[in-house]
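**Q** Here my numbering is used: the first residue of the sequence shown is 3, the next is one more, and so on. Heads up, the beta-carbon is just placed ideally off N, CA and C, and yes, glycines get one too. This is the structure I have questions about; it appears just below.
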Amino acid sequence: DVASSYLALDWGPSDVWKAARLWRHDVTAGRAAGKVLGPQQYVEVRYEQLTSDPAAALVRVCAFLDLPFDARMLECALP
Numbered sequence: 003d004v005a006s007s008y009l010a011l012d013w014g015p016s017d018v019w020k021a022a023r024l025w026r027h028d029v030t031a032g033r034a035a036g037k038v039l040g041p042q043q044y045v046e047v048r049y050e051q052l053t054s055d056p057a058a059a060l061v062r063v064c065a066f067l068d069l070p071f072d073a074r075m076l077e078c079a080l081p
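Here you go:
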């Protein structure tokens with residue numbers, strides 16, 4: 003899905019294969035930077051965890067940011 007979303011960008015790649023390679027490159031670079039930064043400065047949230055257990059994902063992000071978790075964060079306001 004992320005690779006396909008790159009195609010809609012004016013500056014994005016011209017085909018899905020290039021988009022997939024760009025996505026893989028971006029994720030790899032982010033993870034490498036995260037290893038250098040360490041767990042005090044980097045937290046990774048996988049999309050699958052966010053969608054399957056959003057409360058647990060947000061509790062972990064809040065702990066990382068030293069912010070209190072509030073269940074209202076799980077509310078979704080759609081237009």
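For a test of the three-state rule: what should DSSP assign to Y8, helix, strand or coil?
**A** Y8 falls in the helix class under three-state DSSP.
**Q** Could you spell out the range, first to last residue, of the alpha helix (DSSP H) harbouring L24?
**A** Where L24 is concerned, the enclosing alpha helix (DSSP H) stretches over V18 to L39.
**Q** Within 10 angstroms of the Cβ of A21, are there 16 or more other Cβ atoms? Answer buried if so, exposed if not.
**A** Buried: at least 16 other Cβ atoms inside 10 Å.
**Q** Can you tell me whether F66 is helix, strand or coil according to DSSP?
**A** Helix.
**Q** Name the residue from K37, Q43, Y8 and W13 whose alpha carbon lies nearest to the alpha carbon of R23.
**A** Nearest C-alpha to R23: Y8.
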